[in-house]
Amino acid sequence: MTRTLVVVGHGMVGHRLVETLRERDADNTWRIVVLGEEPRAAYDRVALSSYLDGKSAEDLSLASHELLDDPMVDLRLNTAATGIDRTARTVSTSDGSGLPYDALVLATGSRPFVPPVPGHDLDGCFVYRTIEDLDDIRAAATEGEPGVVIGGGLLGLEAANALRLLGMRAHVVEMAPRLMPLQVDEGGGQVLSRLVGDLGLTIHCGAATKSIDGEDRVRSVTLADGTVIDTGVVVFSAGVRPRDELAQLAGLERAERGGFLVDEGCRTSAENIWAIGECAAVDGRCYGLVAPGYSMAEGVAEQLLSLGEGAFPGADLSTKLKLLGVDVASFGDAHGQTEGALEVVYANNAAGTYAKLVLSDDARILLGGVLVGDASAYSVLRPLIDRELPAPPEQLLLPAGSGIDAGALPADATVCSCNNVSKEDITTAITGQGLTDVPGIKGCTKAGTSCGSCVPMLKNLLAECGVSTSKALCEHFPQSRTELFEIVQATGIGSFSELIGKHGTGRGCDICKPAVASILASLGHGHILDGEQAGLQDTNDRFLANMQRNGTYSVVPRVPGGEITPEKLIVLGELAKEFGLYTKITGGQRIDLFGARVEQLPLIWRRLVDAGFESGHAYGKALRTVKSCVGNDWCRYGVQDSVSMAIRLELRYRGLRAPHKIKAGVSGCARECAEARGKDFGVIATDKGWNLYVGGNGGFTPRHAELLAADLDDEQLISLVDRFLMFYVRTADRLQRTSAWLESLDGGLDHLREVVVEDSLGIGAELEATMQHHVDNYSDEWAGVLADPGKLAHFVSFVNAPDAPDPAIRFVQERGQIRPGPVSLPMPAIPNQEVLT
Amino acid sequence: MNWQQICELDLLPPEYGLPALIRNHPVALFRTRDDELFAVGNVDPFCGAGVMSRGIVGDRDGEPTVASPMLKQVFSLRTGQCLDDPDARLPVYPVRRRADVVEVAVP
Numbered sequence: 011m012t013r014t015l016v017v018v019g020h021g022m023v024g025h026r027l028v029e030t031l032r033e034r035d036a037d038n039t040w041r042i043v044v045l046g047e048e049p050r051a052a053y054d055r056v057a058l059s060s061y062l063d064g065k066s067a068e069d070l071s072l073a074s075h076e077l078l079d080d081p082m083v084d085l086r087l088n089t090a091a092t093g094i095d096r097t098a099r100t101v102s103t104s105d106g107s108g109l110p111y112d113a114l115v116l117a118t119g120s121r122p123f124v125p126p127v128p129g130h131d132l133d134g135c136f137v138y139r140t141i142e143d144l145d146d147i148r149a150a151a152t153e154g155e156p157g158v159v160i161g162g163g164l165l166g167l168e169a170a171n172a173l174r175l176l177g178m179r180a181h182v183v184e185m186a187p188r189l190m191p192l193q194v195d196e197g198g199g200q201v202l203s204r205l206v207g208d209l210g211l212t213i214h215c216g217a218a219t220k221s222i223d224g225e226d227r228v229r230s231v232t233l234a235d236g237t238v239i240d241t242g243v244v245v246f247s248a249g250v251r252p253r254d255e256l257a258q259l260a261g262l263e264r265a266e267r268g269g270f271l272v273d274e275g276c277r278t279s280a281e282n283i284w285a286i287g288e289c290a291a292v293d294g295r296c297y298g299l300v301a302p303g304y305s306m307a308e309g310v311a312e313q314l315l316s317l318g319e320g321a322f323p324g325a326d327l328s329t330k331l332k333l334l335g336v337d338v339a340s341f342g343d344a345h346g347q348t349e350g351a352l353e354v355v356y357a358n359n360a361a362g363t364y365a366k367l368v369l370s371d372d373a374r375i376l377l378g379g380v381l382v383g384d385a386s387a388y389s390v391l392r393p394l395i396d397r398e399l400p401a402p403p404e405q406l407l408l409p410a411g412s413g414i415d416a417g418a419l420p421a422d423a424t425v426c427s428c429n430n431v432s433k434e435d436i437t438t439a440i441t442g443q444g445l446t447d448v449p450g451i452k453g454c455t456k457a458g459t460s461c462g463s464c465v466p467m468l469k470n471l472l473a474e475c476g477v478s479t480s481k482a483l484c485e486h487f488p489q490s491r492t493e494l495f496e497i498v499q500a501t502g503i504g505s506f507s508e509l510i511g512k513h514g515t516g517r518g519c520d521i522c523k524p525a526v527a528s529i530l531a532s533l534g535h536g537h538i539l540d541g542e543q544a545g546l547q548d549t550n551d552r553f554l555a556n557m558q559r560n561g562t563y564s565v566v567p568r569v570p571g572g573e574i575t576p577e578k579l580i581v582l583g584e585l586a587k588e589f590g591l592y593t594k595i596t597g598g599q600r601i602d603l604f605g606a607r608v609e610q611l612p613l614i615w616r617r618l619v620d621a622g623f624e625s626g627h628a629y630g631k632a633l634r635t636v637k638s639c640v641g642n643d644w645c646r647y648g649v650q651d652s653v654s655m656a657i658r659l660e661l662r663y664r665g666l667r668a669p670h671k672i673k674a675g676v677s678g679c680a681r682e683c684a685e686a687r688g689k690d691f692g693v694i695a696t697d698k699g700w701n702l703y704v705g706g707n708g709g710f711t712p713r714h715a716e717l718l719a720a721d722l723d724d725e726q727l728i729s730l731v732d733r734f735l736m737f738y739v740r741t742a743d744r745l746q747r748t749s750a751w752l753e754s755l756d757g758g759l760d761h762l763r764e765v766v767v768e769d770s771l772g773i774g775a776e777l778e779a780t781m782q783h784h785v786d787n788y789s790d791e792w793a794g795v796l797a798d799p800g801k802l803a804h805f806v807s808f809v810n811a812p813d814a815p816d817p818a819i820r821f822v823q824e825r826g827q828i829r830p831g832p833v834s835l836p837m838p839a840i841p842n843q844e845v846l847t
Numbered sequence: 312m313n314w315q316q317i318c319e320l321d322l323l324p325p326e327y328g329l330p331a332l333i334r335n336h337p338v339a340l341f342r343t344r345d346d347e348l349f350a351v352g353n354v355d356p357f358c359g360a361g362v363m364s365r366g367i368v369g370d371r372d373g374e375p376t377v378a379s380p381m382l383k384q385v386f387s388l389r390t391g392q393c394l395d396d397p398d399a400r401l402p403v404y405p406v407r408r409r410a411d412v413v414e415v416a417v418p
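Protein chains in written order, with the working numbering: chain H, 11 to 847; chain X, 312 to 418.
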């Protein structure tokens, strides 16, 4: 029988409940009605400031299409619950309807607390909780002007980052003597203050706000010590209060300090009503972090499905986050409140790092700790809470000594706290399911799929289970592609036979030959069909065209930025007509001509080259196209000339051989008509220049490109794309697109930004020089074939009958054009015909 | 044996393949780095297209091979047997070199 669950509130926790219930309710026993007061479905509030850093509301959204289309889920946005009739078991809503429920879960969250300072209600005062709040702050922000954040906790620093992203000079006012008083101790707070101060923030700790001054609008903020900060924008982030108004209306018990009072199963005082997340006071205490909310949601889902007690396991308030680019982690008894607790502190003011471990009175058990500036030890330390230290504490703290391995962890230690996965769960999955890599573990156990801080530990666990992740390219080379690239670059080896002779075994195969051909081409070793290189190329590269299912080829000349003259269009039309080719517009804004036989390719290309076309490299693991919108020449919304930039980029990187194909896009405004964020690199115009996004992908696993750098001028943009592409070409695996490469990079986007933007490895100039070498030595591959009789000699249907068309190739007509006909040659004898059917 | 002259050996570089038409049989000729010659059917049994000569020549555990350029199945050049699927095989033709000319015996 289907029962009805009503969930009040579609924030992160309410959403987690719906998601978990739908995942586990295989028999569809619950129909779910979700009331969401906000105009949009649940989104990632924890990452709110990234909305001002290039992410869109859609990027932040947590609601998948599957969920939105799920017939068992009825999501009603812009609808608040206005009352509960416990006897009739109905919820009344702001649209006037009464919803019957069998079970009711309150996930109403909390509201920002605005301290009653004089002037708190002036125009220019904001809170920081929703996307709409951010839109309002953005509208009021003035670049270069001061902005004040009241509250220096986790949320306050997020808000300060938001102001900073809007170009404002942020001041943070915190009552406590240090930033993030709940999470870090005094020493950590000092390092944190210094690090964020270096970013241009002004910190006022131990400071109370006396008044906010102005007539109708905020003009200034006065602190208790008399400091006056002139500002037009004030953001309150001084804590939250649970939204528990429904308690009174429905006669539910409230906790002393607010929140629906619930027991450890999140049950309220009324039957069939639960409360979860920030609005729930579990045994009287509210939790303002998302992780405890998630475990409440999962516990209630368990109860609804009668799968277990679903008791709240107690909140783990450990956190690791990056605020304003500064790593901060706090775990366990961070403040040493346990009786007799001892502290071991390592502070390095020069490097800007602080680390503290809290130990039991006998210095043997780890109770908690604080890390600021470098939180890389978090994934090792957090699972060790309440356990005996596996190594002397100084070894655990020193950055270089973070060398305790996964073996030191007890089997039941929680490795992934977001998804509550223990070390044993993971090692069992690795050995039981024969997992060989981190994505395998993620898929099987969900470990590492939320915040990702345990991913380094997952790699250690693989090693501990004896999974040697072989980097060997294939049976002929023990090296990875990256290592082969380094070898070729360092030794200057210029041919496959020399490379395999010195560094490999055997004669090679269809895996290593094209990979090495690509490396040689990336490093500029002449025409790809020169000498023995011809035999290394995949068939597409070998004939500089794309092989189709019947063995014919398609021809795609380059149309930079998608801009083409009528004269050139006519040439393409005439050629297609003359050779009887099927024509289609590609997704990359060019024209594909299909059905050319191998012996026709030189004839077709002779005409194309004469008309001014050149190879489009549609056949290569190389730069394909740079798609563009029409830009500000024509478009009334455009803010930059996207077509000129797309053409410039396409001509710069044309012919660049890479581990996989590279697609790009340039949009002339934030409307993003060129779909640049679906590309390996995407450029989107801003009022001030260009934003550069990287690592986007369509294909099997769609992924939006992420912001690498903002507001670049033309030359900055080019130099960053040079570095990004060359770094990718050098270090990616064979056939690894930029998106998968970015995900596999240790440190991900942050590391990429360090290398490419901040030049942390000092290789920026070298990457640019290698790219410049490519640009200077570019020549059209097809013109090179047409000028060389030796290369042309291979473009024959049969070596002993060069002009006889392959009798296997037949076409039929469809919608006025050709398409491949059924296979007409007798197939070679295959003993077991079933395999084909 | 009815040997038919196909082409000068120079036209066929080492580690490379070329298509030939022999009494309406499409044949793929290969020459490996150690100068051995092979001739197998040019039609890929998995898709019916005449493309085998365009595949990449190599070895698997020392066995000389060609990989179909269409869907990458690997075949032994010596026996024609598909090494990725026991049910697929290419026909094999006798091939030799006479005074720097490649010759294939036709069925």
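Quick reminder that beta carbons are idealized off the backbone N, C-alpha and C, glycines included. As the structure is a computational prediction, the values presented were derived from the model and not from experiment.
Here DSSP, grouped into helix, strand and coil, assigns H:V619 to helix. Residue burial annotation: H:T97 is exposed, with fewer than 16 other C-beta atoms found within 10 angstroms of its C-beta. Rounded to the nearest angstrom, the Cβ distance from H:L369 to H:L381 is 15 Å, too far for a contact under 8 Å. Among the residues facing chain H, X:A339 is not included, as its CB has no counterpart in that chain under 7 Å away.
Residues of chain X whose Cβ lies closer than 9 Å to the Cβ of H:C464 do not exist, since the nearest Cβ in that chain is about 36 Å away. Listed in chain order, the alpha helix (DSSP H) elements of length 4 or more contained wholly in the region 753-797 of chain H are 758-766, 774-786, 791-796. Scanning X:L323, X:A339, X:Y327 for the CA closest to the CA of X:Y404 turns up X:A339.
DSSP places H:Q499 in the helix class (H, G or I) of the three-state scheme.
For X:L329, the chain H residues whose C-beta falls within less than 7 Å of its own C-beta are V809, listed in chain order. Identification of chain H residues near X:E414 by a Cβ-Cβ cut-off of 9 Å yields none; the smallest Cβ-Cβ distance measures about 11 Å. Your pair H:C289 and H:S120 checks out as a contact, with CB atoms roughly 6 Å apart and the cut at 8 Å.
In the three-state reduction of the DSSP assignment, H:W751 falls in the helix class. H:G502 and H:E493 have their C-alpha atoms spaced approximately 14 Å apart. Look at the region 522-548 of chain H: the residues with a C-beta under 9 Å from a C-beta of chain X are C522, K523, P524, G541, E542, A544, G545, L546, Q547, D548. Against chain X, a Cβ distance below 9 Å from H:G678 picks out nothing, because the smallest value is about 40 Å. A buried status is given to X:F357, since no fewer than 16 other beta-carbon atoms sit within 10 Å of its beta-carbon. Taking a contact to require three or more Cβ pairs closer than 8 Å, the region 477-493 of chain H and the region 393-401 of chain H do not qualify as touching.
Contact check for H:R658 and H:L633: beta-carbon distance about 13 Å, past the 8 Å limit, so the pair fails to qualify. Not a single C-beta of chain X is nearer than 7 Å to the C-beta of H:R820.
DSSP places H:P576 inside the alpha helix (DSSP H), whose first and last residues are 576-589. Annotation for X:F349: the continuous beta strand (DSSP E) segment containing it runs 348-352. Assigned with DSSP and collapsed to three states, H:V526 falls in helix. Counting along the chain, X:F386 sits inside the beta strand (DSSP E) bounded by residues 385-387. A direct Cα-Cα distance of roughly 22 Å separates X:D395 from H:M557.
Residue nearest to H:V124 within the set H:A117, H:F136, H:A113, H:T118 is H:F136 (criterion: CA-CA distance). In the structure shown, the three-state DSSP call for H:S370 is coil. With respect to chain X, the C-beta atom of H:C519 has a partner C-beta closer than 7 Å. Put simply, the backbone Cα of H:G516 is about 60 Å away from that of H:I141. Against chain H, the beta carbon of X:E347 has no neighbour under 9 Å; the closest one sits roughly 11 Å away.
When CB distances to chain H are screened at a threshold of 8 Å, the residues of the region 358-386 of chain X falling below it are C358, G359, A360, G361, V362, R365, G366, I367, V368, G369, D370, R371, D372, G373, P375, T376, A378, P380, M381, K383, V385, in chain order. Straight-line spacing of the CA atoms in H:E764 and H:S74 works out to 32 Å. Under the Cβ criterion of 7 Å, H:G287 is not counted among the residues facing chain X. Less than 7 Å separates the beta-carbon of H:S807 from that of H:E609.
Of all alpha-carbon atoms in H:D620, H:L796, H:Q489, H:S532, the one lying nearest the alpha-carbon of H:G504 is that of H:S532.
In this structure, H:P252 lies near H:C296, with their beta-carbon atoms less than 7 Å apart.
Excluding its 5 nearest sequence neighbours in each direction, H:G198 has C-beta neighbours in its own chain below 6 Å: Y364, V380, V382, listed in chain order.
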